[in-house]
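Scroll down for the structure; my scribbles are underneath it.
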Amino acid sequence: MATRATRAASEVAKTKAATNLPSIRKRKSIENEEEESKHNTSINDDGELDSDIDEEDESKFEKEFTVKKRQKKSPAKTQQQPQKSITTPTKPTPTKTTSKPTKPSATTSPSQQKQSSQSSQNTSKKQATSSSSQQSTQQKKKETKIKYNLKPINIERLATYDQHMSGTLSNEKIIKRLKKLDEYLQDKKRGNTEGLEIVLEVLIDPKFADNKIFEIRLMTSCCLSEIFRIYAPTLPFDMVVLKVVFKLFTEQVLQGDKVDKKLFPQYFQMLERLSVIKVFALLALVDSSMLTPFFKDCLSRVHGDKEHQPMDIMFSTLLNTILESLEEVPTSLWNELLESLIEREKGGVPTSKAIFTHDLIETNSRFLQVHFDLFLQDLLEPEILAGGQQQQQQDSSLSNNGISKQLKKKKNEILFEMFNILPEFIYPALQNLEFDLEDVNASIRKGAAIVLSRCYSTESASDELIAQRPTLYTTFLNRFHDVDIKIRTVMMEFSEHFTTTSDLEMERVLKSVRDRFRDSEPDIRIKAIQIFQKYIIKNPELMNPELMSEYLERVRDKDSKVRKDAEISLSTVWRSVREKYGPIDDWSNTLIDCFSTIPNTLIHCLGLYDDDKYRIEIAFDSILLPQHSDVKNRSQVFLEIYKYLDESNKQLFKKYLEEKKSLRQEFLALIQFLKNPKVVGGSTTPTSKKSQPPQQQQQQQQQQQQQLQQPENDIEVYITHVDNLLPKFIGESSKKLVRQLITPSNKKILDLLVLISDINTTFQEQYNIKISIISKAQNESSFSEFIKYMVNKLAYSIVGKENIKYLLRGLRSDLGLDNFDKNNPIDLLEEFNEKIYEKEVKDGVPETLEVLLMLSQVYANIFDDYGDQLVGFLTCSKSIVYPVLQILSNSWKTLKLSKKTLKSTLDMLLRLTQVPQPTLARLAFKTFIKFATPALTSINSTNGKVDNNKLVVTLKDLANNLFDQLEDKSKNLLSILEVIGCLAKGYSLVLSEHLDTLDILLIKKIMTGVCTLDFNQKVQLNKSVEHHLNTSYSKDVLIKIAAIKCMSNYLLGLREITKKSHEMVNMLFEFYIGLDKNKTYNDLEKSHLKIHIAIGLLRVFQRSQYEKEITPQQFILICNSTSITTKQRGDPLIRRLIEKLAKVMILNRLPMKYMAAFGMAAQQPYSVLALVRKHSTSIIKTRRMVISRLAASLSMAKNLTEFYPESSMPYFLYVVSHREDFERDAPDYIESACYLNFFIDLLVEEADNYSIIHTIFTKLKRSTDALDKKSKNHIIAAELGLQILTHQYQQKKWKPQKHPIVIVLPEKFYIIHDDQDEMSIDDEVTSIKLPSLLPKRFKLPPLPSITDQNNNNNNNNTNSTNNDESEKDENNNNKNDNDNDNDNDDNSTTAVPQKSIISKPPAKKVSKKAAAKQKSPKKKTNKKKKQSSSEEEVSSSEEEDESQDEEVEN
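Under the numbering used here, think of the first position of the sequence shown as 6, with each following residue one higher.
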């Protein structure tokens, strides 16, 4: 005890200057410091206290209680005081160097943590306030002291005080005399012990100390407390008596709740004296067994409310005094403190007892640190029996080392709470925690992960804890890949709250979270999305493209909820970054690389899942774009987004708007029928009865009556039309939901849907309607989902009519034009300037114009009020004029032009038909026809005929002008031929005077001779307007291409087809054949000339008179055109030929035999094959759908054979067998087998298709070639086809069976034997066994696998790039697999689209490489930029959309 006192005196002397708090017990550390002060106190072995303290210091001792409370309850103030470091573990720390808020345990929820924090803060504030008030109260008490209004005690009686306080006195007198004694002792100065010997004996008498009357015991305690004050620093009693005295003191301290209000002043003064002189510092010395029970009793009486605040403060002071005096902290005391520390109310909120204990330990944290280290060793030590098995004692609550078993179970909670108090508390346990993190038991790993996640999430200590043991932090981060989902969830919660000043550590955590984007559990993937969003919004510069890649990929997740969260999260992130850094153009390169692709990613999802489409629209409309009332800003942001969209995503966005348009049209048609079923349901147009004969009028009336008698059938048609455009909803059929919508009970919702479908409804009104409808569809029924889908699909959200005003303003601003003056229309011809027209736009075509063009193709009616503004742009550069003409051509039906503006527009369009650009001239002519037809024609009121004399005169003048330019040898040949071709196609009569001139020009001067006419070299348009070919042509080739197109239009538009017309067609074929011998043109020019001729002939063959006259050789030439390959990969001209062929066939303008041309494209690149498969599938499905709706008698008719897709197989086999390389392909026939396999794959889907093709092959084996009767090539090809058919479909186990088609081989191509007219199935099987013409040891070459039912091509051999693409996809999917500790953790969360809440058969997934090709159509090599401008013009004119080619009328 002496050594301990010496150390204490020395340390107090060191810290006295800093704290200004004198201590009663001073410890000695070294001998030199003993001589520094005469006030050093030592405790002798016999327990006496020595002191030289002056009486002047008594006031300081009395203030110590108040100062102590202020230090404990106001740690923020004590932090400002400089303190010296204390190295002696037993030395108590009067003040705390760091102040930390009370934190709940690891088991509390975030809301509970918040409540706990607030409760702790409120308690601290209350205690701080109370501390100051208690200080002032104590000062007053010190000055006045307690007076009992009694006569002073007679001092002489002290000598015989034992007799004076004899047991014969009544309780009232005893109390009265004790009060007098207390008052006397209060006035007695410290150290004046004269006459108190007998008093001491009396006070320790059991009749007073153990009296049943509380007031007697209280007054005895008051007197004893004053005795201790007077005798300080010596002890007035020996150890035996002290036990009795301390028993009385502890009993009185714990009776605070029972003290009467009248006695509270005496009670509080007693506690104050005990606190000031720190009597309870002797408790451990007097009786250590009383220590833990006293702590337990005090802690159990803590209330934590305002009413009991003084007592809570007193308990805190007493317990602090005891802790400061301890040489070592017993295990039982740690048990009690820690049990109180982790005590929680229901819901996990810390109790007032836990908060009190937290503050108690925090105040003495530095002193308790070493003692806790020793306790921690026992706490973490596992209990082992002699046999090596874990001890399990059910009969005892304590373990071998005295630690509570409950504490051992909650060691992780203890570690976290102690870490909150002082991080150094848990440093000795870090190694054990690292072992626990790698334990086999998942619950142990989870417990360690929880406590460390809480610790590392502490902002003030995370960096220090990481640096303390880096290996522990690395092991902890590895738990992101734990097998147990609960542990991975804990780690995700940690990453959400993790904060650090180190960017490196933050990046490590983000990478770990990124790996969880491919977690097997959707909830963890959702959590990873939320965490990324939080970090990005907080600091976007933390991101890099590598981290963002998986984040963006979540919009393609297989789980619908994950996709939904990803779409909303990405939209929120993009908006946050834009609000912080401004428009995308102002972003840094890093931000652009990371976040500019977000709109692209969202738009790309429009092509994946049906249930995501309207969510993407909501994300755009409500998050990416500003508020609906700010239309100007919405327009600017939309332009900004559209600028950074890839070309493929722009097309996807356009396609989605077209889907919305289709649904809106069908929905409004249904509504119109409901309003007026007689007009709409009858589907008849009113006609004049005077112009119809009586019989026809009667028939029409009967038809209308029949239709009106069946309104239900009519409405079913409209419902079906709407249903065809809806996805599938879970629980109900979409058709039933449409019927439910049109019931009277849903009339309000229906009216709102009609209103939101109106193009004039503003964005704000649309938003209000959406809110109104969605508020009525809060449940999760199918009808609610259907209503939500409809309200978003029918609305003109994202972009609509309101945007046009600001888009046109922005376009005028970009072009530097003056503001539009509606009251002062301009004369376009006067404003037109050729220099301005020929001048290219400096920065290319503005994105504003591109958006306007896209909108005109989808919503042509939104331009109705802006016609005068649009035509004003026709005086700008040719790069601007071309898209403006497209807009006018798309929206001409809805534009409202004044008469003066219309006349000026027609004059301007005629002027543009003579510009040097053929594409622009042709578009100007077609636009002129659209505007001029209603303006220059009228209906005669007398006979009802159309009077188009004005239009004919105008067109004749145009034709005369064009031929005059030819005579004058104008350098505008290409445009003149283009416009003449348009005139010849639709209005051949206006060229009647110039037919001979045209024949001479086309046949004699251009096609078969040398043309002396020339054209201007500067004819190209801006590259962003036209997708021209990246080729180089000679001038003669360019002229011939223009002539071929003009000739095809001329032949198509002729009223009467004569022998001369057929000769012109044959001349084109001869020119086609002669190209192979031509030495003037290079290989590319020859190939492209052939393709142009094929396109022209396909256009001509729409007239059946031409098509019927072609020979088998000519048919072969047409089909072989699709097999032409050039050095250009994916030649756009080949694609255009395929698209032209598909167009005329789907419109049934060419017979099915031309399907053979699709099969001859088998050797083309993969992108071309995909296009072929797409168009051929569309044609075949259309034909089969028509056949399925025909009556059985009609479908079996012989004249319908040519309508079946399978009827093209004989023609295709003929083309394959007459290839020049067919015989050279022997004996393996690899190329021939490739062609046959590809075409068979296109046609065969089911068993009946298989049987039809099988029958055709067997019949062909018995036929003879009509051209070369000795040739057996077609039989060899048929045998190849049979082997392919058997090999590729052997898993289907199909066999030849009866089919609904009569096989008729074309007589021009094959000679048919009479015995084949009625061949049975047995005959077909027999014909297979005929002697084969294939080599004896022939083996079928390796062939690509067939496509599946979803039309997904599994071709592995068609193109080498396909294998590369699949390998890259596999590498990308498996990129992060090796980072995980478990096998089931990473299971391809990005899957092929499947059905979700709203589901339909998924769209075909495009490979990454193919998507990349679609996204970069503008990339061109610099080596070929020097091509002639005229070449670009001709090729671009060929690529323009030919929707107007359907106008074949005269």
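Even for Gly, the Cβ is constructed at its ideal location relative to N, Cα and C.
How many angstroms separate the CA atom of residue 771 from the CA atom of residue 922? For this step, residue 771 is matched to residue 766 along the sequence shown. For this step, residue 922 is matched to residue 917 along the sequence shown. So the alpha carbons of these two residues sit roughly 44 Å apart.
By Cβ distance below 7 Å, which residues in the same chain neighbour residue 241 in space, the five residues on each side in sequence not counted? Within the sequence shown, residue 241 is the residue found at index 236, counting from 1. Only 205, 232, 233 meet the Cβ criterion.
Hey, how far is the Cα of residue 627 from the Cα of residue 1193? In the sequence shown, the residue the question calls residue 627 occupies position 622. In the sequence shown, the residue the question calls residue 1193 occupies position 1188. In a straight line, the C-alpha of residue 627 is about 45 Å away from that of residue 1193.
Identity of the residue in 1287, 542, 839, 481 nearest residue 1339 by Cα: In the sequence shown, counting from the first residue as 1, residue 1339 sits at position 1334. Out of 1287, 542, 839, 481, 1287 has the C-alpha closest to the C-alpha of residue 1339.
Could you say which of 187, 452, 1231, 620 lies nearest to residue 201 if we only look at CA atoms? Against the sequence shown, residue 201 aligns to sequence position 196. Residue 201 has its Cα closest to that of 187, out of 187, 452, 1231, 620.
What's the gap between the Cα of residue 528 and the Cα of residue 515? Here residue 528 refers to the residue found at position 523 when the sequence shown is read from its first residue. Here residue 515 refers to the residue found at position 510 when the sequence shown is read from its first residue. Cα to Cα, the separation comes out at about 17 Å.
Please state the DSSP three-state secondary structure of residue 1456. There is no way to answer for residue 1456, as the model of the chain reaches only from 6 to 1455.
Only counting the same chain, and skipping five residues up and downstream in sequence, which positions put a Cβ closer than 7 Å to that of residue 1401? To locate residue 1401, count along the sequence shown from 1; it is residue 1396. Summary for residue 1401: the model assigns pLDDT 36, below 50, so the residue's position carries little reliability, and this model does not support an answer.
Report the three-state DSSP secondary structure of residue 977 (helix, strand or coil). On the sequence shown, position 972 is the one that residue 977 refers to. In the structure shown, residue 977 falls within a strand segment according to DSSP collapsed to helix, strand and coil.
For residue 953, which of helix, strand or coil comes out of DSSP? On the sequence shown, position 948 is the one that residue 953 refers to. Note: residue 953 maps to coil in three-state DSSP.
Find out if the Cβ-Cβ distance for the pair residue 914, residue 929 is shorter than 8 Å. Along the sequence shown, read from residue 1 onward, the residue named residue 914 stands at position 909. Along the sequence shown, read from residue 1 onward, the residue named residue 929 stands at position 924. In this structure, residue 914 places its C-beta atom within 8 Å of the C-beta atom of residue 929.
Count the other CB atoms within 10 Å of the CB of residue 274; is the residue buried (16 or more) or exposed (fewer)? To locate residue 274, count along the sequence shown from 1; it is residue 269. Buried, since its Cβ has 16 or more Cβ neighbours within 10 Å.
Residue 1174, enclosing alpha helix (DSSP H) - first and last residue: Taking the first residue of the sequence shown as position 1, residue 1174 is located at position 1169. 1171-1194 is the extent of the alpha helix (DSSP H) around residue 1174.
Between which two residues does the alpha helix (DSSP H) harbouring residue 791 extend? Working through the sequence shown from its first residue, we reach residue 791 at position 786. That run of the alpha helix (DSSP H) goes 787-799.
Got a sec, what are the start and stop residues for the alpha helix (DSSP H) residue 614 sits in? Working through the sequence shown from its first residue, we reach residue 614 at position 609. Careful: residue 614 lies outside any alpha helix (DSSP H) and carries neither H nor E.
Taking 8 Å as the cut-off, does the segment 581-600 touch the segment 535-551 (at least 3 CB pairs, one atom from each stretch)? The answer is yes - the segment 581-600 touches the segment 535-551, with three or more Cβ pairs under 8 Å.
Run the CB neighbour count on residue 1095, radius 10 Å, all protein chains shown included, and call it buried at 16 or more, exposed below. Working through the sequence shown from its first residue, we reach residue 1095 at position 1090. Buried is the call here.
Looking only at its own chain, which residues have a Cβ that is under 8 Å from the Cβ of residue 888, when we skip the five neighbours before and after it? Position 883 of the sequence shown, counting from 1, holds the residue named residue 888. 850, 854, 855, 857, 858, 1030, listed in sequence order.
Under DSSP, the alpha helix (DSSP H) around residue 1158 begins and ends at which residues? Stepping through the sequence shown from its first residue, residue 1158 is reached at position 1153. Looking at the DSSP string, residue 1158 is not in any alpha helix (DSSP H), and its letter there is neither H nor E.
Is the beta carbon of residue 333 less than 8 Å from the beta carbon of residue 369? By one-based count along the sequence shown, residue 333 stands at place 328. By one-based count along the sequence shown, residue 369 stands at place 364. Not closer than 8 Å, so no.
Measure the alpha-carbon distance for residue 359 versus residue 574 and round it to whole angstroms. Along the sequence shown, read from residue 1 onward, the residue named residue 359 stands at position 354. Along the sequence shown, read from residue 1 onward, the residue named residue 574 stands at position 569. Across the structure, residue 359 and residue 574 are spaced so that their CA atoms are roughly 40 Å apart.
Of the choices 268, 343, 438, whose alpha-carbon is the least far from that of residue 408? As a position in the sequence shown, residue 408 is number 403, starting the count at 1. Of all alpha-carbon atoms in 268, 343, 438, the one lying nearest the alpha-carbon of residue 408 is that of 343.
Would you decide whether residue 175 is buried or exposed? Buried here means 16 or more other CB atoms lie within 10 Å of its CB. Numbered from 1 along the sequence shown, position 170 holds the residue referred to as residue 175. Answer is exposed; the Cβ neighbour count stays below 16.
Select from 1185, 324, 1059, 488 the residue whose C-alpha is nearest the C-alpha of residue 1465. Coverage of the chain is limited to positions 6 through 1455, which leaves residue 1465 absent and any answer about it impossible.
What residues in its chain sit with their C-beta under 6 Å from that of residue 896, if we drop five residues either side in the sequence? In the sequence shown, residue 896 corresponds to position 891, counting from 1. 861, 865, 868, listed in sequence order.
Provide the residue span of the alpha helix (DSSP H) that contains residue 374, from first to last. For the purposes of this step, residue 374 is taken as the residue at position 369 of the sequence shown. Start and end: 370-385.
Could you please give the first and the last residue of the uninterrupted alpha helix (DSSP H) stretch that includes residue 1004? By 1-based counting over the sequence shown, the position of residue 1004 is 999. From DSSP, the alpha helix (DSSP H) with residue 1004 extends over 1000-1004.
Based on Cα-Cα distance, which residue from 313, 331, 304 lies nearest to residue 286? Indexing the sequence shown from 1 puts residue 286 at position 281. Checked all of 313, 331, 304; the closest Cα to residue 286 is 331.
Length of the line joining the Cα atoms of residue 1276 and residue 1125: Start at 1 with the first residue of the sequence shown, and residue 1276 comes out as number 1271. Start at 1 with the first residue of the sequence shown, and residue 1125 comes out as number 1120. Answer to the nearest angstrom: the Cα atoms are 20 Å apart.
Counting beta carbon pairs with one atom in the segment 1238-1249 and one in the segment 1212-1223, are three or more of them shorter than 8 Å? yes
When we look at the beta-carbon of residue 604 and count the other beta-carbons within 10 Å, is it buried (16 or more) or exposed? Here residue 604 refers to the residue found at position 599 when the sequence shown is read from its first residue. Result: buried.
Among 739, 774, 768, 744, whose alpha-carbon lies nearest the alpha-carbon of residue 756? Working through the sequence shown from its first residue, we reach residue 756 at position 751. Comparing Cα positions, the closest option is 774.
At a cut of 8 Å, does the segment 1281-1295 reach the segment 1244-1264 through at least three beta carbon pairs? yes
Taking DSSP as the reference, what is the three-state secondary structure of residue 121? On the sequence shown, residue 121 is found 116 positions in, with the first residue counted as 1. Because residue 121 carries a pLDDT of 46, less than 50, the predicted location of this residue cannot be relied on, and no value is offered for it.
Measuring only the C-alpha atoms, how far is residue 463 from residue 500? Position 458 of the sequence shown holds residue 463. Position 495 of the sequence shown holds residue 500. One C-alpha to the other measures close to 12 Å.
For residue 591 and residue 579, what's the separation of their Cα atoms in angstroms? Position 586 of the sequence shown, counted from the first residue, corresponds to residue 591. Position 574 of the sequence shown, counted from the first residue, corresponds to residue 579. Straight-line Cα distance between these residues: approximately 14 Å.
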